[in-house]
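Here the structure is laid out as structure tokens; the discussion comes afterwards.
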Amino acid sequence: LGCAPAFSAVMAIPMAYAVVVVREFAPTAGMEVPEGAGAPITLRMNDLVCVTSEDFVDRGWFYGETLQEIDGEETRVKGLIKADAVSRMEDFLLPLQQFERIKGAAARVCIFQFSDDYLKHHDLDWPFSHILHRRPLTITPGQLVEVVDESLGEWIYGFAIENADQMGYFPREFVMPVTQYIEMMECWGNDAERRTVNWHAEDRRRKQQRDVEEQQQEARAKKKSFLSFFARKPKAPPVPA
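Numbering (this note's numbering) for the sequence shown: 3 to 243.
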């Protein structure tokens with residue numbers, strides 16, 4: 003995919019490594035969090051988040067940041083990350099790599115939700131309605147799928163590996179070969195780590211600039227005070243009686 007390698011996080015911040023959301027999480031009112039650590043981040047399935055601190059891991063939290071769409075714009079969001087809702091990239095990819103080694107070209111990963119409801123919601127006709135026993139297969143993003151027959155052009159016949167007894171058809175474009183999916187996730191992870199390193203470098207540069215400006219303002223204020231002192235006209239002392 004032409005992805006550049008991630009920068010060394012050690013050069014810029016103590017750590018910056020990508021994790022994948024494997025369980026959705028939404029903060030609730032009154033939730034107990036480490037004092038002074040910020041607010042928890044809402045986590046969506048398969049999102050990428052960058053961990054930048056493990057200071058609170060013994061209390062079940064990481065600290066990190068990600069990009070999330072807010073009011074139609076991608077926005078940098080920083081805060082607490084629920085530790086049991088995410089997985090390190092290498093741990094997340096391990097079962098996919100094992101599946102690909104066993105199944106080879108038949109291994110797919112679902113990237114878009116598909117079901118009978120999808121056809122109804124989008125007012126689409128089932129192309130195999132005239133053929134008995136040809137049914138759509140319900141698949142969800144992140145599911146591993148094994149291909150049984152892909153000779154029907156835009157439609158594939160197969161099953162999700164956690165439910166091998168349930169077989170059906172799904173659109174070819176709704177899944178991706180596991181090898182490509184692994185490359186894509188590794189690339190996204192590297193990009194997230196590099197982006198986080200750049201963010202922190204920019205944060206430090208801005209802080210240093212603010213510190214310099216504050217020092218300059220303080221120096222100007224002192225200089226003005228000194229000039230005001232020496233510019234005043236001294237009063238002659240009173241004549242002794």
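We treat Cβ as the ideally placed atom computed from N, Cα and C, and that holds for glycine.
In this text the structure is predicted, and so the values were computed from the model without any measurement.
When burial is assigned at 16 or more other CB atoms within 10 Å of the CB, is Thr54 buried or exposed?
buried
If you follow the alpha helix (DSSP H) that Leu139 is part of, which residue opens it and which one closes it?
Segment: none, Leu139 is in no alpha helix (DSSP H) and carries neither H nor E.
Which residue marks the beginning of the beta strand (DSSP E) containing Glu76, and which one marks its end?
75-84
So, with DSSP's three-state summary, where would you put Trp190?
helix
CA-to-CA distance, Glu26 to Met33, given in whole angstroms:
16 Å
Which residues bound the alpha helix (DSSP H) around Gln99?
91-105
Identify which residue in Ala194, Phe161, Arg222, Gln218 has its Cα closest to the Cα of Phe172.
Phe161
Please list the terminal residues of the continuous beta strand (DSSP E) segment that includes Leu69.
63-72
Where the alpha helix (DSSP H) containing Val167 begins and where it ends:
The sequence as given places Asp at residue 167; Val does not occur at that position. First-last for Asp167: undefined, no H or E at that position.
Over what stretch of residues does the alpha helix (DSSP H) that includes Asp119 continue unbroken?
118-123
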